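Trainee: Quick one: the structure is below, questions incoming.
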Amino acid sequence: MKENVDHRVPVLIVGGSLVGLCTSLFLGRHGITHMLVEKHAGTSLHPRGRGINVRTMELFRVAHVEDRIREAASVLADNHGILQGGSLTGDDQEWLFEQIDPGGALARFSPSTWCLCSQNDIEPVLMSVTPTLGADLRFSTELLSFEQDESGVTAIVKNRESGEHSTVRADYLVAADGPRSPVREQLRIGQSGPGDLFHNVSITFRSRMLADVIGDRRFIVCYLTKPDADGALLPVDNRERWVFHAPWHPDRGETLEDFTDERCVEHIRRAVGAPGLDVEITGKAPWHAAERVAQRYAAGRVFLAGDSAHEMSPTGAFGSNTGIQDAHNLAWKIAAV
């Protein structure tokens, strides 16, 4: 295919979230220059995808970022349990697991251990490293279209700030563009599986009093089961920053607009069991759990990675870990051809 192009790169990565940035990291460590385009202006601001398993930490170790990720995760280093109760102030709490050490049995085989680090803390680490490894990171830039032939992929991208269009020619394209992947849709790759499992609204908030309510109970997550105020509470820094996952029922006509700050504050207070709790809402983000898998992970010179290829329940953080390992697997194979 002969055409005028603005940029020529071995690999074009579409999507600059965790999986896209990890693809950039691993390609860079193999000496493969590449361009990454991400339609949003920056990385994730919302805490999510926080459990990093032993194998993923081994990959970060080889990529020379393990120590930096542990440093970013240090504030949660002592959180190891899963708690459940009707509230945090009653006498009905119980530890479902008091000490969780995923991969603990592997200690004799691996120099790495698991790590509790949220995606919004990992991504800045990756952002600081990948440009030094040959990455051309372009945020506020979206993929408009692409076509491929036997020797590569030609893509049209748009800078969302300037409106400028550019043509990129790459040997390969990696689609790390999420569960609703436009790349997968253009390739007409279908999906199978149960589909959506449930919907939540993730509410970030500040509360200094909550640390006193919790005391020395250092949990990873606390499931609060009060019928009229259920949900899951997660610490962000164990001091004043927290996340609460509240159930959302769009199938019953419930909309995101129904989750006003006032409703969220009251829900959190009832769930915790502290009517006078100081709660300052700082953010709200809808999300859904789903189980789907793409019918193919590749089409010609285009590869799917992460949620574009497979969605799974958030329990155990298997989605993010599998996506990171997709990135590693693709990177060494691209480097080998």
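Numbering (my numbering), first residue to last: -14 to 322.
Even for Gly, the Cβ is constructed at its ideal location relative to N, Cα and C.
Predicted model only: the values in this text are computed from it and were never measured.
(1) Grouping DSSP H, G and I as helix and E and B as strand, with all else coil, what is Q78?
(2) Quick check: A231 and V186, are their CB atoms within less than 7 Å of each other?
(3) Would you decide whether R14 is buried or exposed? Buried here means 16 or more other CB atoms lie within 10 Å of its CB.
(4) Could you check whether V264 and F190 sit closer than 7 Å to each other, using their CB atoms as the reference points?
(5) Whose C-beta lies closer than 7 Å to the C-beta of R281 among residues of the same chain, with five residues either side of it excluded?
(6) Using alpha carbons as the reference points, say which of I54, A26 and V(-4) lies closest to N38.
(7) Going by CA-CA distance only, name the one from D162, R165 and W272 that's closest to W233.
(8) Per the DSSP calculation, M20 is bridged to which residue(s)?
(9) Report back the beta-carbon spacing between V198 and V257 to the nearest angstrom; my notes put them in contact at under 8 Å.
(10) Based on Cα-Cα distance, which residue from L61, D63 and L81 lies nearest to G70?
(11) Please tell me whether D222 and V110 are closer than 7 Å, where the distance is taken between their beta carbons.
(12) Within the continuous alpha helix (DSSP H) that includes A321, where are the two ends?
(13) Count the other CB atoms within 10 Å of the CB of G16; is the residue buried (16 or more) or exposed (fewer)?
(14) Looking only at its chain, what residues have a beta carbon closer than 6 Å to the beta carbon of L118, apart from the 5 residues adjacent to it on each side?
(15) Indicate whether at least one CB of chain D lies closer than 7 Å to the CB of C7.
(16) If I follow the unbroken alpha helix (DSSP H) through L195, where does it start and stop?
(17) Which two residues bound the contiguous alpha helix (DSSP H) that contains Q104?
(18) Which word fits Q84, buried or exposed, when buried means at least 16 other C-beta atoms lie within 10 angstroms of its C-beta?
(19) Based on Cα-Cα distance, which residue from A160, E43 and I188 lies nearest to F94?
Mentor: Let me lay it out:
(1) On the sequence shown, position 93 is the one that residue 78 refers to. Looking at Q78 - three-state DSSP - the assignment turns out to be coil, as it is neither helix nor strand.
(2) Counting from 1 along the sequence shown, the entry for residue 231 is found at position 246. Counting from 1 along the sequence shown, the entry for residue 186 is found at position 201. Result yes, Cβ atoms of A231 and V186 sit closer than 7 Å.
(3) The residue you call residue 14 lines up with position 29 of the sequence shown. By the 10 Å Cβ count, R14 comes out buried.
(4) Residue numbering aside, residue 190 sits at position 205 when the sequence shown is read from its first letter. Residue numbering aside, residue 264 sits at position 279 when the sequence shown is read from its first letter. Yes; because the gap between Cβ atoms is below 7 Å, this pair is in contact.
(5) Indexing the sequence shown from 1 puts residue 281 at position 296. So the qualifying residues of the chain are I174.
(6) For the purposes of this step, residue 38 is taken as the residue at position 53 of the sequence shown. Nearest of I54, A26 and V(-4) to N38, Cα basis: I54.
(7) The residue labelled residue 233 in the question sits at position 248 within the sequence shown. Of the candidates D162, R165 and W272, the one whose C-alpha sits nearest the C-alpha of W233 is W272.
(8) Within the sequence shown, the letter at position 35 stands for residue 20. For M20, which the question treats as bridged, DSSP gives the partners L(-3) and D121.
(9) Within the sequence shown, residue 198 is the residue found at index 213, counting from 1. Within the sequence shown, residue 257 is the residue found at index 272, counting from 1. Right, the Cβ-Cβ distance comes to about 6 Å (below 8 Å), so this counts as a contact.
(10) Looking up residue 70 in the sequence shown gives position 85. Per the Cα distances, L81.
(11) As a working note, residue 222 is residue 237 in the sequence shown. As a working note, residue 110 is residue 125 in the sequence shown. Not closer than 7 Å, so no.
(12) To locate residue 321, count along the sequence shown from 1; it is residue 336. Residues F303 to A321.
(13) Looking up residue 16 in the sequence shown gives position 31. G16 is exposed by the Cβ-count criterion.
(14) Numbered from its first residue, the sequence shown carries residue 118 at position 133. For L118, where only same-chain residues beyond five positions count, the Cβ hits under 6 Å are G13.
(15) Among the chains in the structure shown there is no chain D, since it carries only a single protein chain.
(16) Here the question's residue 195 lines up with position 210 in the sequence shown. Here the alpha helix (DSSP H) through L195 covers M194 to I199.
(17) One-based indexing of the sequence shown puts residue 104 at position 119. Element bounds for Q104: Q104 to V114.
(18) Translated into positions along the sequence shown, residue 84 becomes position 99. Exposed is the call here.
(19) By 1-based counting over the sequence shown, the position of residue 94 is 109. The candidate whose alpha carbon is nearest that of F94 is E43.
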